[in-house]
Structure formats: C-alpha cells, structure tokens
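**Q** Heads up: the sequence shown at position 484 corresponds to 551 in my numbering, and the numbers run straight through without jumps.
Beta carbons: idealized from backbone N, C-alpha and C, even for Gly.
As the structure is a prediction and not an experimental result, all values here were calculated from the model.
Structure incoming, see below.
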Amino acid sequence: MHAAKAAEKRQPMSKSELGGIIVLDFGGQYTQLIARRIREQQVFSAILPCTASILEIRAYQPVGIVLSGSPCSVYDPAAPICDPGVLSLGVPVLGICYGLQWISHTLGGKVERAERREYGPAEVDLRDGSALFAGLPRRLKIWMSHGDHVRALPPGFQVTGVTSSGLSAAEDPARRIFAVQFHPEVRHTERGSEILRNFVFSVCGARPNWSGASFISETVEAIRKQVGRGRAICALSGGVDSAVAAALVHQAIGNRLVNIFVDTGLLRKDEFQNTLDLLENRVGLRVVGINAANRFLARLQGVTDPEVKRKRVGAEFIEVFAEQARQLGEIRFLVQGTLYPDVIESVPVRGPSATIKTHHNVGGLPADLPFELIEPLRELFKDEVRRIGRELGLPEEILTKQPFPGPGLAVRLLGEVVPERLQTLREADAIVVEEIRLAGLYEKTWQAFAVLLPVRSVGVMGDERSYGDTVAVRVVTSEDAMTADWARLPCDALERISARIVNEVAGVNRVVYDISSKPPSTIEWE
Ligand code: XMP
Numbered sequence: 068m069h070a071a072k073a074a075e076k077r078q079p080m081s082k083s084e085l086g087g088i089i090v091l092d093f094g095g096q097y098t099q100l101i102a103r104r105i106r107e108q109q110v111f112s113a114i115l116p117c118t119a120s121i122l123e124i125r126a127y128q129p130v131g132i133v134l135s136g137s138p139c140s141v142y143d144p145a146a147p148i149c150d151p152g153v154l155s156l157g158v159p160v161l162g163i164c165y166g167l168q169w170i171s172h173t174l175g176g177k178v179e180r181a182e183r184r185e186y187g188p189a190e191v192d193l194r195d196g197s198a199l200f201a202g203l204p205r206r207l208k209i210w211m212s213h214g215d216h217v218r219a220l221p222p223g224f225q226v227t228g229v230t231s232s233g234l235s236a237a238e239d240p241a242r243r244i245f246a247v248q249f250h251p252e253v254r255h256t257e258r259g260s261e262i263l264r265n266f267v268f269s270v271c272g273a274r275p276n277w278s279g280a281s282f283i284s285e286t287v288e289a290i291r292k293q294v295g296r297g298r299a300i301c302a303l304s305g306g307v308d309s310a311v312a313a314a315l316v317h318q319a320i321g322n323r324l325v326n327i328f329v330d331t332g333l334l335r336k337d338e339f340q341n342t343l344d345l346l347e348n349r350v351g352l353r354v355v356g357i358n359a360a361n362r363f364l365a366r367l368q369g370v371t372d373p374e375v376k377r378k379r380v381g382a383e384f385i386e387v388f389a390e391q392a393r394q395l396g397e398i399r400f401l402v403q404g405t406l407y408p409d410v411i412e413s414v415p416v417r418g419p420s421a422t423i424k425t426h427h428n429v430g431g432l433p434a435d436l437p438f439e440l441i442e443p444l445r446e447l448f449k450d451e452v453r454r455i456g457r458e459l460g461l462p463e464e465i466l467t468k469q470p471f472p473g474p475g476l477a478v479r480l481l482g483e484v485v486p487e488r489l490q491t492l493r494e495a496d497a498i499v500v501e502e503i504r505l506a507g508l509y510e511k512t513w514q515a516f517a518v519l520l521p522v523r524s525v526g527v528m529g530d531e532r533s534y535g536d537t538v539a540v541r542v543v544t545s546e547d548a549m550t551a552d553w554a555r556l557p558c559d560a561l562e563r564i565s566a567r568i569v570n571e572v573a574g575v576n577r578v579v580y581d582i583s584s585k586p587p588s589t590i591e592w593e
C-alpha cells in the first residue's frame with residue numbers, strides 16, 4: 068500500500084533526522100522499543116530493515132548503529148543478515164541478542180545452537196572497564212530471550228559480562244563494536260536505559276538535540292522546500308494522526324493545504340460537527356466538510372459480511388475523496404498521517420519484523436492516486452505525535468481521542484447497517500464513552516465503545532414482556548493495539564452504563580460486557 072511505497076524511497080526527511088542512531092531490524096520483537104529508548108534520550112533514531120544498503124544507512128549520517136534481536140538462529144537457511152560493511156562504517160556498533168550472534172558469526176567467532184531457549188529474568192556479572200557499563204553496579208538483573216549462545220568470540224573481542232549460563236556481553240574496543248546477549252531496552256532489565264545512554268552518548272558521542280520543537284521547525288522547513296508554490300490535500304479522519312499531520316503542513320504552507328473531512332454517516336454521535344468546528348475554528352485549518360452519509364449507506368445496503376463492509380466503505384471513501392480532489396483543480400501533494408508503527412507493520416521491505424496488520428484505514432489511500440506523498444509523522448510513535456500536536460497547540464479533545472476504525476460504526480454494528488440501528492448504536496456508544504469519562508477512565512483505557520449485536524432477547528419492562536436488542540460493551544487496555552486486555556472496570560461504572568443504556572436507548576433491553584482479550588479475540592468485533 069501507500070506506506071510500502073514511502074518506505075522503498077526511505078530517506079531522512081529533515082535535518083533533525085541526521086546524526087542519530089540507526090537501528091537495523093533483524094525482526095526482533097523489541098526492535099521498536101530500542102528506537103524509542105534512544106529517542107527518550109533526545110537522540111533521533113530510525114529503524115531500517117537489516118537489508119538496507121550502506122548508502123541508505125549513510126544518508127542518515129548516523130553516529131552509531133544498533134543491531135536488533137531476531138526470532139531466528141544465525142544457522143537458519145533464511146537467517147536475516149545485513150551488509151557486513153556496517154561493522155566498518157567507522158561508527159560504533161551495538162549488537163543486541165541476535166545482533167551479538169550475527170556479529171560473532173560474521174567476524175569468525177563460534178555460535179552454538181541451544182537445546183532450548185533461555186527466556187526471562189537472569190543476573191549478569193559485569194567486568195570492569197567497559198564504557199557500556201560505566202557507572203553501573205557490577206551485578207544487574209537482566210531480561211533474556213534467546214536460543215543460541217556465543218561459544219567463542221571473534222579475534223579482538225573480550226568478555227565484559229557473564230551469566231550463570233555463559234557469555235552475556237562482549238566488546239572489541241579497538242573497533243568500537245559492543246554486544247550484549249540480553250535486552251537493555253525492556254523495562255525488566257535493571258538500568259537498561261543507562262546502558263543505552265552510555266552507548267549513545269559516551270561511546271557514540273551523540274548530541275541530545277532531537278526535540279519536539281526542533282522536529283517542528285525542521286519539518287516545516289522541509290515541507291516548504293518540498294512543496295514550493297504547490298498545493299496539497301489531506302484527508303482528515305477526525306483522529307490524532309491526520310490532525311497533527313495537517314496542522315504541521317498548514318504551518319508550512321497555510322491555506323495551500325486543503326483538508327477534506329467526510330461524514331460517512333458512520334462516525335460517533337456529534338463527531339462530525341464537533342471535529343469540524345475544532346479543526347476549522349480552533350486550529351484554523353482550511354477544511355471542506357462533505358456530507359456523504361447517504362452514499363455510504365446505499366453502498367452498504369444488504370451487506371452483512373465484515374470484510375465486504377470494510378471494502379465497500381474504503382472504496383466509497385476513495386471515490387468521494389477523488390471527486391473532491393478533481394474539483395479543487397491542480398494539486399500535486401497528498402498529506403498522510405502515517406506513523407512509524409504503520410510503516411513498520413505493513414511493509415515487508417522494511418525487514419523481517421514487518422508482518423502483522425493489514426488494516427484498510429479509510430484515511431489510507433491507495434498508492435496509485437496521482438499525488439506525491441507528504442508523510443511528516445512517518446518516523447514518530449503515537450505518544451510523540453501527541454506531544455508534537457500539543458506543541459502545535461491542537462486541542463486536547465483531539466489529542467486524547469481514542470482510536471476509531473476507518474470503517475467506523477459499520478464494523479461495530481453486526482448485521483446490515485441501516486439508519487435505525489446506527490442510531491441505536493450511536494446513542495449506546497455515547498453513553499459508554501460519557502460514563503467512562505465520568506469515571507476518569509477515558510485516558511487510562513485504550514478504547515471504550517458499544518457494539519450492537521444481531522441478537523434479540525426476552526426481557527421485562529414495567530409489566531410488559533419485551534423482545535429487544537443486545538448491546539455489548541467493549542473496554543480494553545493496550546499499549547499499541549497489537550495485544551489488549553479487557554478493562555477491569557469498577558462494578559458501579561458497569562452498573563451505570565448498563566442502566567443508562569437500557570433506560571435511555573429505545574429498543575435495547577440487555578447489556579453484556581465483553582471479557583475477551585486480544586489475542587485470541589480482536590478489539591473490534593468485525
Ligand atoms: P483489532 O480489531 O484488529 O483492532 O484488534 C486493532 C486496532 O485497530 C483499529 N482498527 C482500525 N483502524 N482502520 C483503522 O484505522 C481500520 O480498518 C481498523 N480496524 C481496526 C481498532 O479500533 C483497534 O484500535
């Protein structure tokens with residue numbers, strides 16, 4: 068999709084991305100965390116696939132390289148490898164887990180296949196004298212997750228740490244190559260951030276100059292250069308990412324950015340009008356609001372299959388957007404709020420950790436539209452996007468908004484999407500969100516919403532028998548939506564939600580609470 072295209076051409080977008088640390092991804096589960104921990108030290112860090120060329124790496128003018136972990140063994144026939152030239156770029160290298168094994172294997176050491184994986188907590192004894200462990204106690208609790216071990220180090224290397232099961236850290240100070248078997252980037256490793264800090268500052272000599280303010284000023288400058296006197300268009304979803312992307316580009320080129328915000332009729336209660344007001348009047352964006360609810364409803368008529376719903380909503384969205392774009396005349400650029408995890412998760416060319424999610428975001432347009440992409444948030448994590456948004460002065464209502472799927476309420480209304488049932492779902496959903504806010508839980512939970520089930524059941528209201536609809540309440544906690552757990556809500560919050568839905572939403576006589584985690588369930592029901 069569009070993200071893949073962007074990733075192939077990947078190069079630094081602005082000066083703020085130069086002089087940082089490049090993390091080469093061998094597919095490790097913690098690769099993103101490594102980059103994040105480095106950025107927490109105000110040093111820019113980008114992840115590139117292990118297959119990146121030396122030229123691509125050099126384009127970032129890195130002051131250091133980190134080689135990530137991997138689920139593979141260096142002996143697997145399909146073991147991920149990188150260009151051995153990364154070990155002689157003239158900048159320090161830190162291998163983590165598989166990174167250590169790959170370095171040892173590549174430089175003439177001996178790696179042995181383990182009988183079974185070592186996973187979980189362990190303790191390491193550190194030797195004196197390593198710049199990586201300066202200022203740390205000599206014994207640390209660490210987190211392991213590996214199969215193979217290094218049995219013999221390559222020439223020039225010395226052991227700098229051991230655990231009860233063997234070598235755990237090593238380095239070649241002359242070549243400035245460092246390696247650890249454990250994971251300093253996870254919280255379970257005591258003082259792990261300090262190990263990374265030692266690498267970044269003492270070993271690599273990085274400067275802590277990556278901040279929200281420098282990111283904004285340099286990105287705005289880069290966008291001005293890219294766009295020149297041209298015009299750009301952006302599809303707003305109502306969520307944080309597209310709003311922050313649009314605000315950044317607006318700062319660069321003002322009203323030469325036109326934003327399209329489509330009312331699909333599948334948004335939450337009052338969401339279209341409220342968001343339009345905020346973005347137009349409070350943020351000052353130039354927004355064209357389009358009421359296309361009838362078109363979407365017509366396209367969904369008779370459809371009950373979830374995948375078909377998603378595809379129809381996506382296709383209709385592209386049509387509406389393309390029509391608007393044509394009406395606006397010559398526009399060369401398209402702004403997208405693509406984030407780092409989107410790029411990482413959806414693009415195989417970025418290295419092995421790229422697999423899992425193929426969401427058709429309604430805001431995500433296909434690559435063959437005739438635009439050049441501007442993706443100013445491509446290197447950021449969600450929390451960083453919020454920080455940037457805050458510095459840009461975006462309203463908290465937008466910055467703290469919980470994620471909402473592109474196909475909207477269509478995938479929360481099981482069965483055919485018809486106006487009356489949409490109305491029922493919208494009212495029930497508004498109650499869930501309001502009560503979660505009142506309980507002070509909106510910002511502590513990842514998502515809180517209602518689902519309308521295609522199930523009716525018997526109830527009694529007053530003296531009358533009823534036969535009404537069922538609403539499922541879904542409230543989850545999560546870090547990144549890849550995994551999620553159902554929120555342990557206080558019983559009185561659940562009670563209020565249930566009582567209000569049954570009393571205030573016509574036709575509903577039963578409320579159930581979804582207690583499934585992801586996996587094996589998903590967050591959305593369709
Ligand atoms: P699931 O249901 O797969 O959802 O556990 C994971 C996260 O993704 C959101 N989601 C979507 N977001 N377009 C989006 O932009 C979509 O089509 C879509 N489907 C699910 C979901 O709300 C959750 O946060």
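Is the closest heavy atom of the ligand XMP to the C-beta of SER309 under 8 Å?
**A** Here residue 309 refers to the residue found at position 242 of the sequence shown. For the ligand XMP, not one heavy atom lies less than 8 Å from the Cβ of SER309.
**Q** Would you list the residues sitting across from GLN225 in a DSSP beta bridge?
**A** Position 158 of the sequence shown, counted from the first residue, corresponds to residue 225. Paired residue(s): GLU238.
**Q** Identify, in the order they occur along the chain, each residue of the same chain with its Cβ nearer than 6 Å to the Cβ of ALA273, setting aside the five sequence neighbours on each side.
**A** Along the sequence shown, read from residue 1 onward, the residue named residue 273 stands at position 206. The residues are VAL110, VAL130 and VAL267.
**Q** Are ILE88 and ILE132 closer than 9 Å when you measure CB to CB?
**A** Your numbering for residue 88 matches position 21 in the sequence shown. Your numbering for residue 132 matches position 65 in the sequence shown. Their beta carbons are under 9 Å apart, which means ILE88 touches ILE132 by this criterion.
**Q** Taking 8 Å as the threshold, find out whether the stretch 348–367 comes into contact with the stretch 321–335 through three or more Cβ pairs.
**A** Yes: at least three Cβ pairs fall under 8 Å.
**Q** Roughly how many whole angstroms lie between the Cα atoms of GLU390 and ALA359?
**A** As a first step, residue 390 is located in the sequence shown; it is residue number 323 there, counting from the start. As a first step, residue 359 is located in the sequence shown; it is residue number 292 there, counting from the start. The alpha-carbon atoms of GLU390 and ALA359 are separated by roughly 12 Å.
**Q** Cβ atoms of GLN394 and CYS301: under 9 Å apart, would you say?
**A** The count along the sequence shown starts at 1 and reaches residue 301 at position 234. The count along the sequence shown starts at 1 and reaches residue 394 at position 327. Not in contact: CYS301 and GLN394 (Cβ atoms no closer than 9 Å).
**Q** List the residues that DSSP assigns as beta-bridge partners of GLU190.
**A** Counted from its first residue, the sequence shown places residue 190 at position 123. The partner list for GLU190 (beta bridge, DSSP) reads LYS208.
**Q** Is it the case that the CB of SER171 approaches a heavy atom of the ligand FMN more closely than 8 Å?
**A** This structure lacks the ligand FMN; its bound ligands are the ligand XMP.
**Q** Is the beta carbon of ALA237 sitting closer than 9 Å to the one on LEU263?
**A** The residue given as residue 237 occupies position 170 in the sequence shown. The residue given as residue 263 occupies position 196 in the sequence shown. Cβ distance not < 9 Å, so ALA237 and LEU263 don't count as in contact.
**Q** So TYR580 is in the alpha helix (DSSP H); what residue range does that whole segment cover?
**A** In the sequence shown, the residue the question calls residue 580 occupies position 513. Here TYR580 belongs to no alpha helix (DSSP H); instead the beta strand (DSSP E) covers 575–580.
**Q** Based on the DSSP secondary-structure assignment, which residues constitute the bridge partners of TRP553?
**A** Reading the sequence shown from its first residue, position 486 is the one you call residue 553. TRP553 is bridged to VAL543.
**Q** Spatial neighbours of GLY470 within its chain, please: CB distance less than 8 Å, with the 5 preceding and 5 following residues excluded, ordered by chain position.
**A** Position 403 of the sequence shown holds residue 470. Contrary to the premise, residue 470 reads as Pro rather than Gly in this sequence. Result list for PRO470: GLY306, TRP513, GLN514 and ALA548, in chain order.
**Q** Which word fits ILE582, buried or exposed, when buried means at least 16 other C-beta atoms lie within 10 angstroms of its C-beta?
**A** As a working note, residue 582 is residue 515 in the sequence shown. ILE582 comes out exposed.
**Q** Beta-carbon within less than 6 Å of LEU436's beta-carbon, same chain only, minus the 5 sequence neighbours each way: which residues are those?
**A** Within the sequence shown, residue 436 is the residue found at index 369, counting from 1. Contacts found: none.
**Q** Measure the alpha-carbon distance for ASP143 versus PHE224 and round it to whole angstroms.
**A** Here residue 143 is taken as the residue at index 76 of the sequence shown, counted from 1. Here residue 224 is taken as the residue at index 157 of the sequence shown, counted from 1. Their Cα atoms are separated by approximately 24 Å.
**Q** Under DSSP, the beta strand (DSSP E) around PHE400 begins and ends at which residues?
**A** Here residue 400 corresponds to residue number 333 of the sequence shown, with the count starting at 1. 400–402 is the extent of the beta strand (DSSP E) around PHE400.
**Q** Could you check what DSSP says for GLU591 in three-state terms: helix, strand or coil?
**A** Translated into the one-based positions of the sequence shown, residue 591 becomes position 524. Note: GLU591 maps to coil in three-state DSSP.
**Q** When the distance is taken between beta carbons, is ARG298 closer than 9 Å to ILE163?
**A** The count along the sequence shown starts at 1 and reaches residue 163 at position 96. The count along the sequence shown starts at 1 and reaches residue 298 at position 231. Contact: no.
**Q** How about ALA497 and LYS336: are their beta carbons less than 9 Å apart?
**A** Numbered from its first residue, the sequence shown carries residue 497 at position 430. Numbered from its first residue, the sequence shown carries residue 336 at position 269. In contact: ALA497 and LYS336 (Cβ atoms closer than 9 Å).
**Q** Just to check, is the beta-carbon of GLU591 closer than 8 Å to a non-hydrogen atom of the ligand XMP?
**A** Translated into the one-based positions of the sequence shown, residue 591 becomes position 524. Yes, the beta carbon of GLU591 sits closer than 8 Å to at least one heavy atom of the ligand XMP.
**Q** Just mark LEU303 as buried or exposed, buried being the case when its beta carbon has 16 or more other beta carbons within 10 Å.
**A** The residue you call residue 303 lines up with position 236 of the sequence shown. Buried, since its Cβ has 16 or more Cβ neighbours within 10 Å.
**Q** Measure from the alpha carbon of THR230 to the alpha carbon of each residue in LEU207, VAL375 and SER309, then state which is nearest.
**A** What you label residue 230 is simply residue 163 of the sequence shown in a count that begins at 1. Residue LEU207 is the option with its Cα nearest to THR230.
**Q** Between the beta-carbon of TRP210 and the beta-carbon of ALA189, is there less than 9 Å?
**A** Stepping through the sequence shown from its first residue, residue 210 is reached at position 143. Stepping through the sequence shown from its first residue, residue 189 is reached at position 122. Contact flag set, yes.
**Q** If we ignore side chains and look at the alpha-carbon of each, how far apart do VAL370 and ARG567 end up?
**A** Mapped onto the sequence shown, residue 370 falls at position 303. Mapped onto the sequence shown, residue 567 falls at position 500. Going by the C-alpha atoms only, they are around 30 Å apart.
**Q** Buried or exposed for GLU446, going by 16 or more other Cβ atoms inside 10 Å?
**A** Taking the sequence shown and counting its residues from 1, one reaches residue 446 at position 379. Per the 10 Å Cβ criterion, buried.
**Q** In three-state terms, what does DSSP make of SER584?
**A** In the sequence shown, residue 584 corresponds to position 517, counting from 1. SER584: coil per DSSP, three-state reduction.
**Q** Just the C-alpha distance for ARG555 and VAL294, rounded to the nearest angstrom, thanks.
**A** The residue given as residue 555 occupies position 488 in the sequence shown. The residue given as residue 294 occupies position 227 in the sequence shown. Rounded to whole angstroms, ARG555 to VAL294 spans 48 Å at the Cα level.
**Q** Mind checking whether the beta-carbon of GLY473 lies closer than 8 Å to any heavy atom of the ligand XMP?
**A** As a position in the sequence shown, residue 473 is number 406, starting the count at 1. Flag set: Cβ of GLY473 near the ligand XMP.
**Q** Indicate, with yes or no, if the ligand XMP has a heavy atom lying under 8 Å from the CB of GLN514.
**A** Position 447 of the sequence shown, counted from the first residue, corresponds to residue 514. At least one heavy atom of the ligand XMP is nearer than 8 Å to the Cβ of GLN514, so yes.
**Q** Do ALA495 and VAL575 have their C-beta atoms closer together than 9 Å?
**A** The residue given as residue 495 occupies position 428 in the sequence shown. The residue given as residue 575 occupies position 508 in the sequence shown. Yes, Cβ-Cβ distance for ALA495 and VAL575 is below 9 Å.
**Q** Here's the rule: buried if 16 or more other CB atoms are within 10 angstroms of the residue's CB, otherwise exposed. What is CYS271?
**A** As a working note, residue 271 is residue 204 in the sequence shown. By the 10 Å Cβ count, CYS271 comes out buried.
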